[in-house]
């Protein structure tokens, strides 16, 4: 008795799904071209980059060089690097005891700017301005009036300070908060005598960059103080608001340089403040990023910044790429030999998936600093197997449905209803593993996890908006629907009941004749 043919209504519109995929590809390509992203950014092991050694130095008696302080500095610097994107940078402590150094290695030619950012000590202090003058040497020598807490020696240092000299604007941050100091503005236009700090960086709880709407398009850095900082900043602003200039100014000092010295017109008890200045967007965001992750527990003397060569030779790289290409070729051959013409769907899906992944690498490299390492390549190669598994699950479901007597069109739809749940669950397991690896690992493992997660998500996208719609369209083609011997849906390929019954009948007949 034959099994009745069952029909299942189509679960989607294949043409629309394919159109969505085309729009995604075109959108990514256009984004890459408009941003000038023409090549994938490579990591330290493939391209080389910039390396710098930071030698710790105690900025005062309260900040002593200890192993714990160095470990804390490594953690803060690593957070700053990671906040800039998936850059595959390396932050390590080398040496032993108090002689340990911090080595920062950043991929590519832009590493010097990243090293400059993450190596900042970020000693933020709010100090009352006691005296202000032009930044040239000799300025202030005639007009300086006696101020409480300012010695003759300090007045002499103030008069001799030449802020137009770049060496005067290095900003070591080695001053103690309790000191009365002389300091330059960041641009060298002004110099100041500053009172002891009344608010310091550890009292900042939040920092963010934004545009000051009242000043047009000027970028600012907004700060929020904790309870202790709110009280201290409120008392400072309340005390100086009634004084005359320049004593009514509060200098915002970062690493020994005055970022801004605004006049205080009223007390600010809210615990919110702003750092203003001639900030560009990048500079404001970098400053907020440094302050967000806290001040380094030590000051550092920067060693020589140098370019580093790739840690992997060309032979190892070519061997890895060759292994990936051979693996992909074997998947292609298996698909064609086992699934015949249907295997071309696997080949096409993998090619489209590879194109989408390459465009994603270009766009992400430009926008979040993603860099590809050998570990990332390994993640992409592993994902080839995950992607092939999705196709095999779906194709075998179709064959199961056809084996039960359904027409090919019906088998494509009913097989999809059963296969998609399995595909989604399997891919979600891979994504979950990638997420856990990314957040709980460091170094190259994070690159592997990121690439594995990205390629798995792309696999889901391709299966839903390319593989399934394409199979739906092919099921309407007579070559596949009629069960041609090369289609992958012949009676012999799927082992249908009719074929098996015919085979049993032939065996039985041969036995009787014997």
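Numbering (this note's numbering), first residue to last: 114 to 627.
Every residue gets a Cβ at the ideal spot worked out from N, C-alpha and C, and that includes glycine.
- Provide the residue(s) that pair with residue 276 in DSSP beta bridges, ordered along the chain. Answer is none; residue 276 lacks a bridge partner.
- Query: Okay, do the region 544 to 554 and the region 564 to 574 touch, 3+ Cβ pairs below 8 Å being the bar?
  - Reply: Taking one beta carbon from each stretch, the region 544 to 554 and the region 564 to 574 have 3 or more pairs nearer than 8 Å; the two touch.
- Give me the Cβ distance between residue 207 and residue 219, rounded to the nearest whole Å; I'm assuming they're in contact under 8 Å. At roughly 16 Å, the Cβ-Cβ gap does not stay under 8 Å, so residue 207 and residue 219 are not in contact.
- Message: Taking the alpha carbon of residue 561 as the reference point, which residue from 528, 293 and 494 has its own alpha carbon closest?
- Response: Here the closest residue by C-alpha is 494.
- Message: Using the three-state DSSP reduction, which class does residue 622 fall into: helix, strand or coil?
- Response: Annotation note: pLDDT 41 at residue 622 (below 50); position unreliable, no value reported.
- When burial is assigned at 16 or more other CB atoms within 10 Å of the CB, is residue 399 buried or exposed? buried
- Message: Please list the terminal residues of the continuous beta strand (DSSP E) segment that includes residue 165.
- Response: Unbroken beta strand (DSSP E) run through residue 165: 162 to 170.
- Task: Have a look at residue 89 and residue 295 and give me their C-alpha separation to the nearest angstrom.
- Result: Summary: the structure shown does not reach residue 89, with the chain confined to residues 114 through 627, and so no result is reported for it.
- Query: Excluding five sequence neighbours on each side, which residues of the same chain lie with their C-beta closer than 6 Å to the C-beta of residue 582?
  - Reply: Same-chain partners within the cutoff: 127, 130 and 131.
- Task: Would you kindly report the start and end of the unbroken alpha helix (DSSP H) that includes residue 591?
- Result: 591 to 594
- Message: Can you find the residues in the same chain that come closer than 7 Å, C-beta to C-beta, to residue 323, ignoring five residues on each side of it along the sequence?
- Response: 333 and 335
- Message: Just verifying my parser: in three-state terms, what is the DSSP assignment at residue 129?
- Response: helix
- List the DSSP bridge partners of residue 245. 305
- Message: Which same chain residues end up closer than 8 Å to residue 133 when comparing Cβ atoms and leaving out the 5 residues on each side of it in sequence?
- Response: 578
- Query: Residue ranges of each beta strand (DSSP E) run of no fewer than 3 residues wholly in the region 557 to 590, ordered along the chain?
  - Reply: none
- Message: Just to confirm before moving on: does the CB-CB distance between residue 413 and residue 168 stay below 8 Å?
- Response: yes
- Taking the C-alpha atoms as reference points, what is the distance between residue 275 and residue 383? 37 Å
- Message: Could you compute how far the alpha carbon of residue 365 sits from the alpha carbon of residue 242?
- Response: 10 Å
- Message: I'd like to confirm the pairing. Which residues does DSSP put opposite residue 147 in its beta bridges?
- Response: According to DSSP, which records beta bridges pairwise, residue 147 is partnered with nothing at all.
- Task: Measure the C-alpha to C-alpha separation of residue 290 and residue 338 and round it to an integer number of angstroms.
- Result: 17 Å
- Report the residue from 480, 467, 433 and 244 whose alpha carbon sits nearest the alpha carbon of residue 572. Of all alpha-carbon atoms in 480, 467, 433 and 244, the one lying nearest the alpha-carbon of residue 572 is that of 467.
- Same chain only: Cβ atoms within 8 Å of residue 363, ignoring 5 sequence neighbours per side: 239, 240, 241, 242, 349, 350, 353, 374, 375 and 377
- Task: Assign residue 414 to one of three DSSP states: helix, strand, or coil.
- Result: strand
- Query: Is there contact between the region 514 to 524 and the region 591 to 601, where contact requires at least three CB pairs shorter than 8 Å?
  - Reply: Enough Cβ pairs lie closer than 8 Å, so yes.
- Message: Quick check on DSSP: helix, strand or coil for residue 339?
- Response: coil
- Helix or strand or just coil, what does DSSP make of residue 607? helix
- Item | CA nearest to the CA of residue 393, picked from 330, 441 and 451 | Ranked by how close their Cα comes to the Cα of residue 393, the residues 330, 441 and 451 have 330 in first place.
- Query: Less than 8 Å separating the beta-carbons of residue 388 and residue 444?
  - Reply: no
- For the ligand HEM, is there a heavy atom less than 7 Å away from the beta-carbon of residue 246? The ligand HEM is absent from the structure shown, which contains no ligands of any kind.
- Closest by CA to residue 300, which one among 293, 317 and 281? 281
- Item | Contact check, residue 600 vs residue 454, beta carbons under 8 Å | yes
- Message: Can you tell me which residues form a DSSP beta bridge with residue 398?
- Response: Partner(s): none; residue 398 has no beta bridge.
- Local Cβ density within 10 Å of residue 590, reported as buried at 16 or more and exposed below that: exposed
- Query: By how many angstroms is the C-alpha of residue 190 removed from the C-alpha of residue 214?
  - Reply: 13 Å
- Task: Going by DSSP, name the residue or residues bridged to residue 205.
- Result: 216
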